[in-house]
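Numbering (numbering that gives the first Met the number 0) for the sequence shown: 0 to 443. Presented below is the structure to which this report refers.
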Amino acid sequence: MCEHDHNAGPVPNQALARRSVMAGAAALAGLGAFGFAAPASADSGERGGLAASYHGSALKTVPIIIEGGTLIDPATGDTAQDGVLVLRDGKVEAVGNHEATRNAVKDAAGQATRIDATGKFIIPGMVDAHVHANGLEDVRLILQSGATTVRSGSSTFYQDIALASLPKWNPGLSPRMHPAGLFVSPEQGDSILADPELAPLAALEDNIRDVKDLAYLTGVNLRRGATVIKTRANPRAGLAEQDPLELVYDREQLSAIVKAARGARVLCHAYSAKGIAGAVGAGVASIEHGVFVDEQTIGQMVRRGTAFTPTLAGVAGMANSSDPVIAERGREFGPVLAQAVRAANEAGVLVVAGTDSFGTDVMPIGVEAKALEDAGLSALQALQSVTTRPAKLIGVERQGVGQLFRKGVADVVILGSNPLEGAQALSKVEVVIAQGKIVRNELN
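What follows is the structure in structure tokens.
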């Protein structure tokens with residue numbers, strides 16, 4: 000969908016208004032894994048950069064003890080009644096039953112904040128695999144919805160890269176952000192001003208289309224701290240004057256971007272069957288939107304391990320636009336995309352949840368999970384679409400993103416109802432803990 004303009008610097012008010020319509024429409028529309036220690040690697044969101052020489056110190060978190068709720072392992076659907084979770088120093092210190100966590104509870108008890116989760120359901124922090132966050136209020140709202148890890152779909156002036164650095168200094172101020180930097184797209188507009196290294200691109204008569212220029216822009220993003228790269232095969236569906244089935248970049252151009260990304264995973268905005276096929280053939284990590292993906296390309300996605308982030312609730316929500324062209328696209332695209340999600344999931348494609356939220360127009364990640372369930376995912380698969388599946392796509396599953404295990408990251412959501420009985424529960428968020436800090440608590 001990508002309703003907003005990634006390329007034109009600060010987004011005009013009218014674009015924000017259009018996105019508001021879209022977001023509002025979409026909003027309407029035993030121990031098991033818990034007891035196993037898993038290897039934890041460094042958090043990719045903890046960057047040093049120039050801040051490494053700062054004279055101050057990072058804020059500390061207070062230990063947290065959660066007791067009485069039902070622990071859910073999204074990987075298997077296994078549950079543990081009357082579970083206990085101990086969080087300390089941004090990590091899970093212990094998780095499981097009372098016996099398994101006794102020592103950790105005793106050690107933390109004198110200084111810990113306690114949360115009684117009796118009658119509630121405890122899951123890992125959720126993941127939104129497609130957002131456009133440009134400011135502190137944006138990420139605050141994302142956190143409130145329960146998404147403690149996000150993959151950026153680009154920002155206009157490297158704001159996502161700056162947001163990725165915040166948790167190291169102030170836990171809970173921003174989700175674990177996996178930033179894309181600038182959208183690798185033909186027209187950069189005022190985003191050229193984001194970096195003096197981009198100045199040569201302003202001299203291009205045909206915008207950024209040559210494979211060498213695409214590689215150059217990709218490299219600038221990486222040097223500035225991007226950990227993923229966002230590009231496109233087609234224009235946006237959310238602007239009436241654009242044809243979302245027109246080809247922007249072909250397989251050769253997309254292959255140049257993937258090669259220049261040097262292992263950083265590339266997400267590709269694509270709508271048309273030709274555009275999607277070219278992107279998959281080029282080796283992108285995931286297809287974003289992907290309305291007209293065909294059966295042959297779904298087979299290629301399975302073989303190549305290409306993931307699918309359909310942003311289904313947002314695409315279908317275009318039907319509620321006040322613009323007749325966009326509304327018609329929503330009415331046409333929504334059912335086609337739902338069918339594509341069902342076919343891809345049944346074939347074994349990794350379907351992940353992404354809201355395409357932009358700015359403060361934040362769609363709760365649970366809304367997208369419910370849309371995916373309505374399209375054919377089971378309740379467990381819908382839960383996995385916001386936990387284990389995007390963690391695998393981003394490459395952070397060994398850090399504890401998407402599951403709760405000892406020494407994993409201290410990102411937790413407490414729900415008011417059981418997500419294994421229906422994805423609507425994923426919107427009933429009562430507690431959110433990000434990087435070991437409570438950022439939402441409706442229980443105490």
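All residues carry an ideal CB built from backbone N, CA and C; glycine is no exception. None of the values given here were measured: they were computed from a predicted structure.
Whether residue i touches residue j by CB criterion (8 Å)
i: residue 144; j: residue 131; result: no
i: residue 405; j: residue 93; result: yes
i: residue 313; j: residue 354; result: yes
i: residue 306; j: residue 392; result: yes
i: residue 126; j: residue 385; result: yes
i: residue 73; j: residue 383; result: yes
i: residue 438; j: residue 412; result: no
i: residue 76; j: residue 117; result: no
i: residue 284; j: residue 261; result: no
i: residue 172; j: residue 435; result: no
i: residue 210; j: residue 251; result: yes
i: residue 218; j: residue 259; result: yes
i: residue 400; j: residue 148; result: yes
i: residue 418; j: residue 374; result: no
i: residue 370; j: residue 425; result: no
i: residue 329; j: residue 137; result: no
i: residue 223; j: residue 157; result: yes
i: residue 233; j: residue 216; result: no
i: residue 120; j: residue 416; result: yes
i: residue 432; j: residue 122; result: no
Host alpha helix (DSSP H) of residue i (start-end)
i: residue 332; result: 323–346
i: residue 106; result: 97–107
i: residue 369; result: 364–374
i: residue 389; result: 387–393
i: residue 378; result: 378–383
i: residue 311; result: 311–316
Cβ distance (whole Å) where residue i is taken to contact residue j below 8 Å
i: residue 180; j: residue 160; result: 6 Å
i: residue 112; j: residue 61; result: 6 Å
i: residue 268; j: residue 231; result: 4 Å
i: residue 403; j: residue 70; result: 7 Å
i: residue 293; j: residue 272; result: 5 Å
i: residue 325; j: residue 239; result: 6 Å
i: residue 256; j: residue 228; result: 6 Å
i: residue 395; j: residue 128; result: That belief does not hold up - the Cβ atoms of residue 395 and residue 128 are roughly 11 Å apart, past 8 Å.
i: residue 102; j: residue 79; result: At roughly 18 Å, the Cβ-Cβ gap does not stay under 8 Å, so residue 102 and residue 79 are not in contact.
Residue i: first and last residue of the uninterrupted beta strand (DSSP E) it sits in
i: residue 114; result: 112–115
i: residue 437; result: 436–440
i: residue 78; result: 78–87
i: residue 67; result: 63–71
i: residue 123; result: 120–123
Cut-off 6 Å between Cβ atoms - residues of its own chain near residue i, not counting five sequence neighbours on either side
i: residue 349; result: 306, 388
i: residue 440; result: 430
i: residue 65; result: 84, 114, 116
i: residue 45; result: Because residue 45 carries a pLDDT of 42, less than 50, the predicted location of this residue cannot be relied on, and the following value inherits that uncertainty. Answer for residue 45: 167, listed in chain order.
Own chain partners of residue i with C-beta closer than 7 Å, once the 5 adjacent residues on each side are dropped
i: residue 57; result: 167, 168
i: residue 347; result: 301
i: residue 140; result: 359, 361
i: residue 297; result: 342, 343, 346, 348
i: residue 290; result: 270, 314, 332, 335, 336, 339
i: residue 203; result: 212
i: residue 295; result: none
i: residue 277; result: 232, 249, 250, 253
i: residue 462; result: Since the first and last residues shown for the chain are 0 and 443, residue 462 lies out of range.
Distance cut-off 7 Å: residue i Cβ against heavy atoms of the ligand NAD
i: residue 113; result: Among the components modelled here there is no ligand, and therefore nothing to report on the ligand NAD.
Test: residue i CB closer than 8 Å to a CB of chain C
i: residue 390; result: The structure shown has no chain C; it contains just one protein chain.
Same chain, Cβ closer than 8 Å to residue i, five either side skipped, listed in chain order
i: residue 39; result: The predicted model places residue 39 with a pLDDT of 34, which falls under 50 and marks its position as unreliable, so this point remains unresolved.
i: residue 220; result: 179, 180, 181, 183, 228
Which full runs of the beta strand (DSSP E) of 3+ residues lie inside the segment 262–306, going along the chain?
-> 264–269, 285–288
Start-end ranges of the alpha helix (DSSP H) lying completely within the segment 182–216, minimum 4 residues | none
Quick one: which unbroken alpha helix (DSSP H) runs of 4-plus residues sit fully inside the segment 131–189? Chain order, please.
-> 135–143, 158–168
Where in the segment 218–265 do unbroken runs of the alpha helix (DSSP H), each at least 4 residues long, occur, reported from the N-terminal end onward?
-> 250–259
May I have a chain-ordered list of the alpha helix (DSSP H) segments no shorter than 4 residues that lie completely inside the segment 406–432?
-> none
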